[in-house]
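Residue numbering for the sequence shown follows the numbering used here, starting at 44 and increasing by one per position. Every residue gets a Cβ at the ideal spot worked out from N, C-alpha and C, and that includes glycine.
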Amino acid sequence: MNNSDILRTIRYIFNFKDPEMVDMFKAGGLDLKREEVANFLKNEEEPFFKAIIDKDLAAFLNGFIIEKRGKKEGEVPTPEKTLNNNIIFRKLRIALNMKEDDILEILSSVGMHISPHELSAFFRKPSQSQYRACKDQILRNFLNGLKKKHRPSES
44 MNNSDILRTI
54 RYIFNFKDPE
64 MVDMFKAGGL
74 DLKREEVANF
84 LKNEEEPFFK
94 AIIDKDLAAF
104 LNGFIIEKRG
114 KKEGEVPTPE
124 KTLNNNIIFR
134 KLRIALNMKE
144 DDILEILSSV
154 GMHISPHELS
164 AFFRKPSQSQ
174 YRACKDQILR
184 NFLNGLKKKH
194 RPSES
(Lines of atoms letter the chains of each structure in order from A and count residues from 1; the text may use other names and numbers.)
(Lines give C-alpha, C1' and ligand atoms only; values in the text may rest on other atoms or scores of the structure.)
Protein backbone atom coordinates (compact mmCIF):
# COMPACT_ATOMS: atom_id res chain seq x y z
CA MET A 1 0.00 0.00 0.00
CA ASN A 2 1.25 3.48 -0.68
CA ASN A 3 1.11 6.36 1.78
CA SER A 4 -1.61 8.20 -0.14
CA ASP A 5 -3.90 5.15 -0.04
CA ILE A 6 -3.35 4.79 3.70
CA LEU A 7 -4.11 8.48 4.34
CA ARG A 8 -7.27 8.40 2.19
CA THR A 9 -8.45 5.19 3.86
CA ILE A 10 -7.99 6.56 7.39
CA ARG A 11 -9.84 9.73 6.43
CA TYR A 12 -12.70 7.70 4.98
CA ILE A 13 -12.96 5.25 7.90
CA PHE A 14 -13.22 8.01 10.50
CA ASN A 15 -15.02 10.51 8.25
CA PHE A 16 -12.51 13.29 8.94
CA LYS A 17 -13.19 16.66 7.34
CA ASP A 18 -10.42 18.84 5.88
CA PRO A 19 -10.06 21.07 8.97
CA GLU A 20 -9.71 17.96 11.18
CA MET A 21 -7.03 16.58 8.86
CA VAL A 22 -5.14 19.90 8.95
CA ASP A 23 -5.37 19.90 12.77
CA MET A 24 -3.97 16.36 13.00
CA PHE A 25 -1.03 17.24 10.76
CA LYS A 26 -0.44 20.30 12.93
CA ALA A 27 -0.66 18.28 16.17
CA GLY A 28 1.94 15.94 14.67
CA GLY A 29 4.29 18.84 14.03
CA LEU A 30 3.53 19.64 10.39
CA ASP A 31 1.82 22.95 9.64
CA LEU A 32 0.01 22.59 6.32
CA LYS A 33 -2.64 24.59 4.52
CA ARG A 34 -5.97 22.99 3.67
CA GLU A 35 -5.06 22.94 -0.05
CA GLU A 36 -1.86 21.00 0.65
CA VAL A 37 -3.79 18.37 2.61
CA ALA A 38 -6.44 18.23 -0.14
CA ASN A 39 -3.69 17.54 -2.70
CA PHE A 40 -2.48 14.58 -0.60
CA LEU A 41 -6.01 13.18 -0.63
CA LYS A 42 -6.57 13.39 -4.39
CA ASN A 43 -6.29 10.35 -6.64
CA GLU A 44 -3.14 9.95 -8.68
CA GLU A 45 -4.94 10.88 -11.91
CA GLU A 46 -6.35 14.15 -10.59
CA PRO A 47 -4.66 17.49 -11.23
CA PHE A 48 -2.59 18.87 -8.32
CA PHE A 49 -2.24 15.40 -6.75
CA LYS A 50 0.80 15.24 -4.49
CA ALA A 51 2.09 11.98 -3.06
CA ILE A 52 2.62 12.10 0.69
CA ILE A 53 6.13 11.24 1.82
CA ASP A 54 6.91 9.02 4.81
CA LYS A 55 7.83 11.85 7.15
CA ASP A 56 4.56 13.70 6.45
CA LEU A 57 2.45 10.56 6.94
CA ALA A 58 4.33 9.89 10.20
CA ALA A 59 3.45 13.43 11.35
CA PHE A 60 -0.22 12.80 10.49
CA LEU A 61 -0.22 9.47 12.36
CA ASN A 62 1.38 11.14 15.39
CA GLY A 63 -1.37 13.77 15.23
CA PHE A 64 -3.96 10.98 14.88
CA ILE A 65 -2.61 9.42 18.09
CA ILE A 66 -2.91 12.79 19.85
CA GLU A 67 -6.45 13.24 18.47
CA LYS A 68 -7.58 9.84 19.71
CA ARG A 69 -5.58 9.45 22.91
CA GLY A 70 -4.85 13.01 24.01
CA LYS A 71 -1.59 14.92 24.23
CA LYS A 72 1.12 13.47 26.46
CA GLU A 73 3.35 15.56 28.66
CA GLY A 74 6.49 16.78 26.97
CA GLU A 75 7.33 17.37 23.35
CA VAL A 76 5.46 16.04 20.35
CA PRO A 77 7.24 12.94 19.01
CA THR A 78 9.49 13.58 16.03
CA PRO A 79 8.05 11.99 12.87
CA GLU A 80 10.08 9.11 11.48
CA LYS A 81 11.93 9.86 8.25
CA THR A 82 11.01 6.47 6.80
CA LEU A 83 7.97 4.33 7.46
CA ASN A 84 7.15 0.71 6.90
CA ASN A 85 3.94 -1.25 7.42
CA ASN A 86 5.02 -2.32 10.91
CA ILE A 87 5.41 1.29 12.08
CA ILE A 88 2.11 2.33 10.49
CA PHE A 89 0.32 -0.66 12.05
CA ARG A 90 1.84 0.15 15.47
CA LYS A 91 0.78 3.80 15.26
CA LEU A 92 -2.77 2.81 14.33
CA ARG A 93 -2.84 0.33 17.20
CA ILE A 94 -1.71 3.03 19.64
CA ALA A 95 -4.13 5.65 18.31
CA LEU A 96 -7.09 3.30 18.57
CA ASN A 97 -5.95 1.89 21.93
CA MET A 98 -6.29 -1.65 20.61
CA LYS A 99 -5.30 -4.80 22.40
CA GLU A 100 -4.22 -8.02 20.68
CA ASP A 101 -7.75 -9.49 20.84
CA ASP A 102 -9.24 -6.36 19.25
CA ILE A 103 -6.87 -6.58 16.29
CA LEU A 104 -7.37 -10.32 15.84
CA GLU A 105 -11.15 -9.78 15.87
CA ILE A 106 -10.91 -7.04 13.24
CA LEU A 107 -8.72 -9.21 11.02
CA SER A 108 -11.09 -12.17 11.48
CA SER A 109 -14.06 -9.99 10.46
CA VAL A 110 -12.55 -9.76 6.97
CA GLY A 111 -11.53 -13.40 6.75
CA MET A 112 -7.89 -13.07 7.78
CA HIS A 113 -6.96 -15.40 10.58
CA ILE A 114 -3.53 -15.12 12.15
CA SER A 115 -2.26 -16.37 15.48
CA PRO A 116 -1.48 -14.10 18.43
CA HIS A 117 2.19 -15.05 17.98
CA GLU A 118 2.16 -13.91 14.35
CA LEU A 119 0.53 -10.64 15.37
CA SER A 120 2.99 -9.92 18.18
CA ALA A 121 5.88 -10.44 15.75
CA PHE A 122 4.76 -7.31 13.84
CA PHE A 123 5.16 -5.15 16.94
CA ARG A 124 8.60 -6.32 17.99
CA LYS A 125 11.83 -4.45 17.40
CA PRO A 126 13.48 -5.30 14.07
CA SER A 127 16.57 -6.49 15.92
CA GLN A 128 14.64 -9.26 17.70
CA SER A 129 14.73 -12.71 16.13
CA GLN A 130 10.92 -13.08 16.30
CA TYR A 131 10.33 -9.83 14.37
CA ARG A 132 8.40 -10.21 11.12
CA ALA A 133 7.76 -7.60 8.44
CA CYS A 134 4.10 -6.70 8.06
CA LYS A 135 3.10 -7.32 4.46
CA ASP A 136 0.70 -5.07 2.54
CA GLN A 137 -1.99 -7.77 2.71
CA ILE A 138 -2.08 -7.67 6.53
CA LEU A 139 -2.25 -3.86 6.70
CA ARG A 140 -4.85 -3.71 3.92
CA ASN A 141 -7.03 -6.31 5.67
CA PHE A 142 -6.67 -4.48 8.99
CA LEU A 143 -7.81 -1.21 7.37
CA ASN A 144 -10.68 -3.04 5.65
CA GLY A 145 -11.69 -4.51 9.01
CA LEU A 146 -11.64 -1.04 10.57
CA LYS A 147 -13.79 0.18 7.69
CA LYS A 148 -16.25 -2.64 8.31
CA LYS A 149 -16.34 -1.84 12.03
CA HIS A 150 -16.62 1.95 11.81
CA ARG A 151 -18.68 2.29 8.60
CA PRO A 152 -20.69 -0.96 8.50
CA SER A 153 -23.44 0.32 6.21
CA GLU A 154 -20.90 1.30 3.55
CA SER A 155 -18.66 -1.77 3.57
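Who are the near neighbours of Asp61 in its chain, counting only those whose CB is closer than 7 Å to its CB and skipping five residues on each side?
-> Result list for Asp61: Arg77, Val80 and Ala81, in chain order.
Under 6 Å Cβ to Cβ from Lys111, same chain only, skipping five residues before and after it: list those, please.
-> The answer, listed in chain order, is Ala138.
For Ala176, the three-state DSSP class (helix, strand or coil) = Note: Ala176 maps to coil in three-state DSSP.
Classification of Ser158 by the beta-carbon crowding that lies within 10 angstroms, buried from 16 upward | Residue environment for Ser158: exposed (fewer than 16 other C-beta atoms within 10 angstroms of its C-beta).
What's the C-alpha gap between Lys192 and Leu147?
-> Distance between Lys192 and Leu147, taken at the CA atoms: about 13 Å.
Within this structure, are the beta carbons of Ile131 and Leu182 separated by less than 8 Å?
-> For Ile131 and Leu182, yes; Cβs fall inside 8 Å.
Could you work out which residue in Tyr55, Asn86, Phe91 and Asn105 is closest to Asp66 when comparing CA atoms only?
-> Comparing Cα-Cα distances from Asp66 to each of Tyr55, Asn86, Phe91 and Asn105, the minimum goes to Asn105.
With a cut-off of 8 Å on the beta carbons, I'd call Thr52 and Leu186 a contact; round off their distance for me.
-> Confirmed, about 5 Å.
In its own chain, which residues sit with a C-beta less than 6 Å from the C-beta of Phe107, not counting the 5 before and 5 after it?
-> Apart from the 5 residues on each side of it in sequence, Phe107 sits with its Cβ closer than 6 Å to the Cβ of Met67 and Ala138 in its chain, given in chain order.
Grab the span of the alpha helix (DSSP H) containing Glu123 for me, first residue to last.
-> It is not in any alpha helix (DSSP H) - Glu123 carries neither H nor E in the DSSP assignment.
Compute the distance between the beta-carbons of Gly71 and Phe91, then report whether it is under 8 Å.
-> Not a contact, by the Cβ cut-off of 8 Å.
Among Leu73, Lys93, Asp74 and Lys85, which residue has its Cα nearest to the Cα of Arg54?
-> Nearest option by C-alpha distance: Lys85.
Do Leu126 and Asp97 have their C-beta atoms closer together than 8 Å?
-> Yes, they are a contact pair.
Please name the residue, chosen from Lys93, Ser172 and Gln180, that lies closest to Val153 on a Cα-to-Cα basis.
-> Cα-wise, what sits closest to Val153 is Gln180.
On the three-state DSSP scale, how would you describe Lys111?
-> Lys111: helix per DSSP, three-state reduction.
Runs of alpha helix (DSSP H) wholly within the stretch 73–113 (minimum 4 residues, chain order) = Given a length threshold of 4 residues, each whole run of the alpha helix (DSSP H) inside the stretch 73–113 is given here in chain order: 77–84 and 97–112.
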